[in-house]
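Visitor: There's a structure below that I have some questions on.
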Amino acid sequence: MKRVIAAVLAAFLMVQPAMAQHGDEADIALRRGMMHRDAGDAALAAHWLAVAASRGMREAMFLLANMLLEGDGVPKDEAAARRWLEQATQLDYPEAWQQLGMMEKDPERAAQYMRRAAHALTHRAEGKR
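My numbering puts the first residue of the sequence shown at 48, with every later residue one more than the last.
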């Protein structure tokens, strides 16, 4: 019995930091969004990704932005996509920096975004984020 309690406590302690960062609802919304995306229901995926993004999930912000860029399940809206990408960059999400760099017409700014993406990836590799 002690082993079961210890295992449950250990599992809770491992999950708690992720829940504390975004909240349980955001994690659930992200998983629902990805599940619906994988099932081919882009409109429902976009809905749940928007819920997760609005609760601070950087991955959801990035995925939703790409859906907005492509018009996948939502009306195509580059301005809204850019806003979500910029919010994700404020949370230092490397993929968002890279996407902004690929969208940028000014080569100097594009290069700056790519450098920021590389920097954010370095932090991810070092386990800082």
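The beta carbon of each residue, even a glycine, is placed where N, CA and C say it ideally should be.
Closer than 8 Å by C-beta to residue 55: which residues in its own chain qualify, once you throw out the five before and the five after it? Chain order, please.
Guide: The sequence position of residue 55 within the sequence shown is 8, counting from 1. With a pLDDT of only 40 at residue 55, under the threshold of 50, the placement of this residue in the model should not be trusted; the figure read from the coordinates follows. None.
Visitor: How long is the line joining the alpha carbons of residue 86 and residue 114, rounded to whole angstroms?
Guide: Indexing the sequence shown from 1 puts residue 86 at position 39. Indexing the sequence shown from 1 puts residue 114 at position 67. Roughly 15 Å between the two C-alpha positions.
Visitor: With distance defined between alpha-carbon atoms, name the residue in 80, 135 and 88 nearest to residue 160.
Guide: Along the sequence shown, one-based indexing puts residue 160 at 113. Here the closest residue by C-alpha is 135.
Visitor: With the cut-off set at 8 Å, would you say residue 109 and residue 151 are in Cβ contact?
Guide: Taking the first residue of the sequence shown as 1, we reach residue 109 at position 62. Taking the first residue of the sequence shown as 1, we reach residue 151 at position 104. No, the Cβ-Cβ distance between residue 109 and residue 151 is not below 8 Å.
Visitor: Exposed or buried, what is residue 146 when buried is set at 16 or more other beta-carbons lying within 10 Å of its beta-carbon?
Guide: The residue given as residue 146 occupies position 99 in the sequence shown. Burial call: buried.
Visitor: Under a three-way DSSP split, which group does residue 150 fall into?
Guide: Taking the sequence shown and counting its residues from 1, one reaches residue 150 at position 103. In the structure shown, residue 150 sits in a helix (DSSP, three-state: H, G or I).
Visitor: Check residue 141 in the structure and name its three-state DSSP category.
Guide: Within the sequence shown, numbered from 1, the residue matching residue 141 stands at position 94. Helix.
Visitor: Please classify residue 171: does DSSP put it in a helix, a strand, or coil?
Guide: Along the sequence shown, read from residue 1 onward, the residue named residue 171 stands at position 124. Looking at residue 171 - three-state DSSP - the assignment turns out to be helix.
Visitor: State buried or exposed for residue 83, treating a residue as buried only when at least 16 other CB atoms are found within 10 Å of its CB.
Guide: Position 36 of the sequence shown, counted from the first residue, corresponds to residue 83. Its Cβ being crowded by 16 or more others within 10 Å, residue 83 is buried.
Visitor: Could you tell me the distance, in whole angstroms, from the CA atom of residue 171 to the CA atom of residue 132?
Guide: Taking the sequence shown and counting its residues from 1, one reaches residue 171 at position 124. Taking the sequence shown and counting its residues from 1, one reaches residue 132 at position 85. Going from the Cα of residue 171 to the Cα of residue 132 covers about 18 Å.
Visitor: Excluding the 5 residues flanking residue 148 on each side, which residues of the same chain have their C-beta closer than 6 Å to its C-beta?
Guide: Translated into the one-based positions of the sequence shown, residue 148 becomes position 101. Closer than 6 Å at Cβ, skipping near neighbours: 157, 160 and 161.
Visitor: Using 8 Å as the threshold, is the stretch 71-82 in touch with the stretch 97-108, meaning 3 or more CB pairs across them?
Guide: In short, these stretches touch, since the Cβ pair count reaches three.
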